[in-house]
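Remarks on the structure that follows.
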Amino acid sequence: MCTSADVKDAASRLAEFADEAARFFHQLDPSKKDITKRPEQLESLSRLASDFKLAPSTDISDTEKQLEFTTQILLHCSEIIRDILTELNWREPTLVKPESLTVYEIINRKRGRDLFEELEREQLCLAAFRNAEFKSLSCVPNALHQPEYSNSFEQREKELLHYLFVTDPRQDLASLEAAKGRVLEGTCTWITEIPDFRYWLLPPSKCKGIFIQGSQGTGKTMLASYIAGQLERLSEHTPDNTVLYFFCSQGNIYKNSATAVLRGLIWQLCKLRPQLIRHGLEPLRAHGSDRIALAKNVVGTLWQIFVAMIRDPLAGSITCILDGIDECDVGSIKSLIERLSELITPPQCPQNFRLLMTCLAVPPQMKHKDTISIFSLDSGLRESNARDVQLYIKTNVEKIAQDNGWSLQLHDQVATTLASRSNQSFHWASLVLSDLRYKSQLQIPLHIRCLSNSFETTYGNILQEIPVEHRERMRLFLSWLLLVHHPLTIEELNALMGGHSSDSEASIEDLKAYLKICRSLLVIRPEIRKSGLEYETVQTVQLSQRSVRDYFHRYMTAERAGPGFFQIISDKDHESIASRCLDLMEELLPAWSEGKTDERFGLVIPYAARYWFRHLRECPQLLEDDKLATKAMSFLTQDSVNRGLWFTYLSKFRDAQEYIKDQWTARKHGQHFPTINGLGEITDVIIVEQPKDLTSADKLSALQLASLLGIMSVVRKIIDTTSLARYLRQTNIRSSLYSFSLSQPRSEVRILKTREGQPLLATAELVAMTPLELAVLEGHKKVVSLLLERHPHSSMRPDSTFALETAISRCDKEMVKLLISAGAPKLRASRNANGPVGNAVTNNRLDMVEFLCKSDKDIWVRKDSKQDEITQALLNLANDATPSPHDEPRFEDYARILIHGGASPNGTVSYHEGHSLRHLKYGLLQLLHSRGITLQALGPFPDEQTPLMLVISSMHLNCPGVDPTEIVQFLLDSGASINQTDRKGWSALHHVANQIALGRAKKAWEDMEDDEEHKLYGIAGLLIEAGINQDLEDKEKRKATDILEVVGAPVWKQDMSWYRRFMGSEPIRRMSLE
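Numbering (our numbering), first residue to last: 63 to 1136.
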């Protein structure tokens, strides 16, 4: 039991330690590095400890747990000081005559610095918790409620929220607690007592991220849900704090991608901070009628919206918790980890943002970062986690014994046996306890003696308990659960699978019986879905753990047969599911179109119509059942009845899910509008209707649709049964004819839109696209490879530029390499802003800039093309260093990526290689420029100004809240040469003086304050402090100060004392020329 006396004792001990250490440091030479601030830090800590000694608590209602927590921090501070003194080989006689040289060396070693930093963090914690209502996160009472979601939105804002919605994270948290049980009282609290965790919670903390690593079943999700719940309840008392969280799920398309994660976080942030929703309205444009659609690269645009929201001054403090990020697809994991890693890395890290993630393994990008603390449940925190597992087992064994009327002897036998097991985990414990609950008392002694620590053995034993007569049906059930793209209800699964009995209710009862038998493998979990313009919660059947999914995935190849009869073979079972979906659509869509009623309509068609081709996409080129490809083509072939019914259903399904005020203004007949509307439901294509565009989407061929949807087996079948002449007629000729109708080359018209991100296509453009372009548009690499393999030359005609630009816009590295290796033109550097990287900067595509900067050199025309293009982009960026609002990437964001990608911070561009004809031509152009003749081929910067000079000359200093010294300091830190001169002989300091002179020439000659001039003098101070040569003369023998004297401006001095006084003063007053 911890009392106020314990706090006093710990505080008294800390004060003594701190005073002794401070006296020791006072004897050292104060002029030495890091000596002066050490005694100040120790004396401040001593005063804080004395405050605790006089008043152990600032609140009479502090609980025993809160007093214990305070005591622990006080004792930990004492231990740190003891470690510092031990590191210095401190002894009592040392206070009389310290071994100074050795002491100074030790203090400045890494170990010594780390100890003082840790002491500072604990001191911050002490000060924060002394004034906090809750001394520890574990002390937040459960009685506190979650902050309420806002429902006060304008109509357009409601449309945006409905469009973004993929799931309600709060519902997911409640669903997890319902399936796994609430966090057991007494568990998880230890994590709040870890010093690094306490420091992470502090607003001024340098630690911006925590990464919780642990193997399967170690309780990562329960820790994340505990922390999310506690922080959310705490935010009720701290209105400035907002807690966001997202629980990823491998088997749910709405929870296993970067797009889904970002949509979920943005949606939740908008509901909690409605004033931030404005950041999402501008990037999301309306098309067709009043539809909302992403007009740029989906992930890139969502990321910019998210960052803009958290950087907004109205955002307050934001804590983001992401659980199971490695359950996303591979591309999403890479994308999210890279972006989040950069976000919490100085200097771009927002001070109001902190991040917590859980994962099986720590990604390399997150290791060895000062801003990230790694908690391992497999090593450093294993003992604490093991105690939670033991408590979980003990509590549940007692409950099961009580519920089932066990004898005391049986209870003790079970408790002792389970407690003695090594390498326990929460999931192992839940499997064992679930079985024990349904075992008879006679079976239990033998059962617990035969327990296995292996998940695979346990899962195999469960499957073997299924009666032989039900195994075939159970295997089909498991294959659907494992391979469907989102969780389904038991009624939906029964209808999709097809009952072995004509009695639907009997079939459902059989499935419920399977759930009881496999209760450790399967679970009923609520999920929230869109239902028209509203939302509904449905009870879905899911695999209970990721380890269950991994168990079946490990044995999906035919060569391995771990689950025996229940082995799921991916290729074969995806084919079976696709075939079943097509059969159901063929059977039910005609009746649906005639207005008939059938309970299966709502259970079957929504999933079958939107996902059959995704299952077929997972199959190999050659299907086991060749008839399946023919069946699929009946839904893709032009003018077929099935295709018309399919797109009509998709169109109406989409309309029901969206806010639509005006329907499409029909000028075309047939299936045109259902086709383009239906494609909007199942692809990322955005169709923009043009007034003079009379082309109908009915003209899309089966090959085009199969390529757009990525159905490789169908594409292969069409190619195999189509002659080359017919293939050319269906693809190249149609595309070429369309290009003749344009005033500009076809590629130029569409590339301009493609570079902005997701291309916006007119129907005529879509119909004219080749199968290769359509496959690239949706990122189907396998289809692209197949087309290039079968028709390597004709597939690239009439031009491959659009396909390549699309792949670059998607930041698809493998697709770009594939197209270039097949003959697409390599990337070229430009002397203007219209090169690949320059265009990306112009279009505000930070993700695309980073992609090109990290690209391989072999996709560029010349070895030096990449560096030249990146450097040219840096020059163009510096030439318009207009400060961006917080909802767009800043100058430093782009410049950092460009410089890391190889851009010269001095703006040196080669444009040549060796003594070639191109080299001689460029030399001649430079000679003409020196004689006053400037030609466009020289590019926009013939004076050879550096990025530093261009920034100084182009910066808009009159923008409120702009600190230009940040940009200048960034360039200096990046390695920009301080004394480089341009062709006029001007240094960066000359350009500063010139801007001051121009400012005075443009304004009235009156005595007035000039904030712009004040900022320019600040830049001059930075340059002088960095060591610029102030005596440099230009070609007219003028120093920078000579330019100032002409207009009567104050002249800076050689030493820096003027600059320090200047920066602490008010903006200078303009001097008169008189």
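In this text, a Cβ means the ideal position worked out from N, Cα and C, and glycines have one as well.
These figures come from a predicted structure and were not determined experimentally.
Could you confirm whether any beta carbon from chain C is found closer than 9 angstroms to the beta carbon of leucine 538? The structure shown contains no chain C, having only a single protein chain.
In the DSSP assignment, the alpha helix (DSSP H) including asparagine 556 goes from what residue to what residue? Position 494 of the sequence shown, counting from 1, holds the residue named residue 556. Segment 552-559, the alpha helix (DSSP H) holding asparagine 556.
Rounded Cβ spacing between alanine 837 and serine 769 (contact assumed at less than 8 angstroms): As a working mapping, residue 837 is identified with position 775 in the sequence shown. As a working mapping, residue 769 is identified with position 707 in the sequence shown. 4 angstroms between Cβ atoms; contact.
Per DSSP, arginine 591 forms a beta bridge with which residues? Walking along the sequence shown from the start, residue 591 turns up at place 529. Arginine 591 pairs with Glu598.
With a CB to CB cut of under 7 angstroms and the five nearest residues on each side skipped, what residues in its chain are close to glutamine 312? Taking the first residue of the sequence shown as 1, we reach residue 312 at position 250. So the list reads Asn318, Glu389, Arg608, Arg611, once near-sequence residues are dropped.
Return the residue from the list Pro1026, Cys187, Asn894, Pro231 that minimises the CA-CA distance to phenylalanine 309. Numbered from 1 along the sequence shown, position 247 holds the residue referred to as residue 309. For the residues Pro1026, Cys187, Asn894, Pro231, the minimum Cα distance to phenylalanine 309 belongs to Pro231.
Quick check on this structure: which residue in Leu1084, Tyr1079, Asn1056 has the alpha carbon closest to the alpha carbon of aspartate 1035? Translated into the one-based positions of the sequence shown, residue 1035 becomes position 973. Comparing Cα-Cα distances from aspartate 1035 to each of Leu1084, Tyr1079, Asn1056, the minimum goes to Leu1084.
Whole angstroms is fine: what's the gap from glycine 1047's alpha carbon to glycine 897's? Looking up residue 1047 in the sequence shown gives position 985. Looking up residue 897 in the sequence shown gives position 835. Near 29 angstroms, if we compare the C-alpha coordinates of glycine 897 and glycine 1047.
In the structure shown, what three-state DSSP assignment does leucine 417 receive? Position 355 of the sequence shown, counting from 1, holds the residue named residue 417. Correct three-state label for leucine 417: strand.
Assuming glycine 378 contacts threonine 229 (C-beta within less than 8 angstroms), just tell me the rounded distance between them. Here residue 378 is taken as the residue at index 316 of the sequence shown, counted from 1. Here residue 229 is taken as the residue at index 167 of the sequence shown, counted from 1. Not really, about 24 angstroms apart at Cβ, beyond 8 angstroms.
Taking just the CA atoms, how far does glutamate 130 sit from threonine 65? Against the sequence shown, residue 65 aligns to sequence position 3. Against the sequence shown, residue 130 aligns to sequence position 68. Roughly 8 angstroms between the two C-alpha positions.
Proximity winner among Leu605, Ile631, Thr602, relative to arginine 616 (alpha-carbon distances): Residue mapping note: residue 616 aligns to position 554 of the sequence shown, counting from 1. The candidate whose alpha carbon is nearest that of arginine 616 is Ile631.
Span of the alpha helix (DSSP H) around isoleucine 438: For the purposes of this step, residue 438 is taken as residue 376 along the sequence shown, with counting starting at 1. For clarity, residue 438 is serine in the given sequence; the question names isoleucine instead. Where serine 438 is concerned, there is no enclosing alpha helix (DSSP H), although the beta strand (DSSP E) it sits in stretches over 434-438.
Could you please give me the residues that DSSP links to isoleucine 274 through a beta bridge? As a position in the sequence shown, residue 274 is number 212, starting the count at 1. For isoleucine 274, which the question treats as bridged, DSSP gives the partners Thr420, Phe437.
Between Ile135, Ala491, Ile143, which has its C-alpha nearest glutamate 105's C-alpha? Position 43 of the sequence shown, counting from 1, holds the residue named residue 105. Among Ile135, Ala491, Ile143, the Cα nearest to that of glutamate 105 is on Ile143.
Cβ-based neighbour list, leucine 422, same chain, cut-off 6 angstroms, excluding 5 preceding and 5 following: What you label residue 422 is simply residue 360 of the sequence shown in a count that begins at 1. Counting only Cβ-Cβ distances below 6 angstroms, and skipping sequence neighbours, we find Asp388.
Using DSSP with H/G/I as helix, E/B as strand and the rest coil, what is tryptophan 674? If you number the sequence shown from 1, residue 674 lands on position 612. Reduced to three states, the DSSP call for tryptophan 674 is helix.
Terminal residues of the continuous alpha helix (DSSP H) containing threonine 933? One-based indexing of the sequence shown puts residue 933 at position 871. Where threonine 933 is concerned, the enclosing alpha helix (DSSP H) stretches over 927-940.
Distance between glutamine 929 and serine 892 (C-alpha atoms, nearest Å): For the purposes of this step, residue 892 is taken as the residue at position 830 of the sequence shown. For the purposes of this step, residue 929 is taken as the residue at position 867 of the sequence shown. Cα to Cα, the separation comes out at about 11 angstroms.
Minimum C-alpha distance to glutamine 486 - residue among Arg449, Glu589, Leu508: Taking the first residue of the sequence shown as 1, we reach residue 486 at position 424. When each option's Cα is compared against that of glutamine 486, the closest is Arg449.
Cβ shell of aspartate 760 (< 8 angstroms), same chain only, five flanking positions each side left out: The count along the sequence shown starts at 1 and reaches residue 760 at position 698. The residues are Gln700, Asp701, Gly732, Gln733, His734, Thr737.
Can you check which of these residues, Phe79, Ala190, Arg218, Thr433, is closest to serine 119 by C-alpha distance? Within the sequence shown, numbered from 1, the residue matching residue 119 stands at position 57. Of the listed residues, the one whose Cα sits closest to serine 119 is Ala190.
Going by DSSP, which residues form a beta bridge with glutamine 604? Within the sequence shown, residue 604 is the residue found at index 542, counting from 1. DSSP lists Val585 as partners of glutamine 604.
Does the beta-carbon of cysteine 382 have 16 or more other beta-carbons within 10 angstroms, so that it is buried, or is it exposed? Position 320 of the sequence shown, counted from the start, is the residue given in the question as residue 382. With 16 or more other Cβ atoms within 10 Å, it is buried.
Proximal residues to isoleucine 570 (C-beta, below 7 angstroms), its chain only, five neighbours per side dropped: Numbered from its first residue, the sequence shown carries residue 570 at position 508. Hits under 7 angstroms: Ile552, Glu553, Asn556.
Own chain partners of histidine 430 with C-beta closer than 8 angstroms, once the 5 adjacent residues on each side are dropped: Locating residue 430 in the sequence shown gives position 368, counting from the first residue. Taken in chain order, the list of residues that qualify is empty.
Can you give me the C-alpha to C-alpha distance between lysine 501 and leucine 405, rounded to a whole angstrom? In the sequence shown, the residue the question calls residue 501 occupies position 439. In the sequence shown, the residue the question calls residue 405 occupies position 343. Taking the straight line joining both Cα atoms gives about 51 angstroms.
Any contact between the stretch 290-301 and the stretch 455-474? By contact I mean 3 or more CB pairs, one from each, below 8 angstroms. no
Between the Cα of leucine 960 and those of Phe913, Lys919, Val923, spot the shortest distance and give me the residue it belongs to. Locating residue 960 in the sequence shown gives position 898, counting from the first residue. That would be Phe913, whose Cα lies nearest to the Cα of leucine 960.
Would you check if the distance between the CB atom of arginine 100 and the CB atom of phenylalanine 87 is smaller than 9 angstroms? Taking the first residue of the sequence shown as position 1, residue 100 is located at position 38. Taking the first residue of the sequence shown as position 1, residue 87 is located at position 25. Yes, Cβ-Cβ distance for arginine 100 and phenylalanine 87 is below 9 angstroms.
Cα-Cα separation, leucine 573 to leucine 264: Counting from 1 along the sequence shown, the entry for residue 573 is found at position 511. Counting from 1 along the sequence shown, the entry for residue 264 is found at position 202. Cα to Cα, leucine 573 sits roughly 50 angstroms from leucine 264.
Spell out the partners DSSP gives serine 379 in its beta bridges. Counted from its first residue, the sequence shown places residue 379 at position 317. Asn303.
Whole angstroms is fine: what's the gap from methionine 858's alpha carbon to valine 666's? Taking the sequence shown and counting its residues from 1, one reaches residue 858 at position 796. Taking the sequence shown and counting its residues from 1, one reaches residue 666 at position 604. In a straight line, the C-alpha of methionine 858 is about 40 angstroms away from that of valine 666.
Using 9 angstroms as the threshold, is the C-beta distance between leucine 398 and tryptophan 262 below it? What you label residue 398 is simply residue 336 of the sequence shown in a count that begins at 1. What you label residue 262 is simply residue 200 of the sequence shown in a count that begins at 1. Cβ distance not < 9 angstroms, so leucine 398 and tryptophan 262 don't count as in contact.
Suppose contacts are defined by Cβ-Cβ distances below 9 angstroms. Is leucine 558 in contact with alanine 670 by that definition? The residue labelled residue 558 in the question sits at position 496 within the sequence shown. The residue labelled residue 670 in the question sits at position 608 within the sequence shown. Cβ atoms of leucine 558 and alanine 670: closer than 9 angstroms.
In whole angstroms, what is the alpha-carbon distance linking asparagine 1041 and alanine 940? What you label residue 1041 is simply residue 979 of the sequence shown in a count that begins at 1. What you label residue 940 is simply residue 878 of the sequence shown in a count that begins at 1. Roughly 18 angstroms separates the two Cα atoms.
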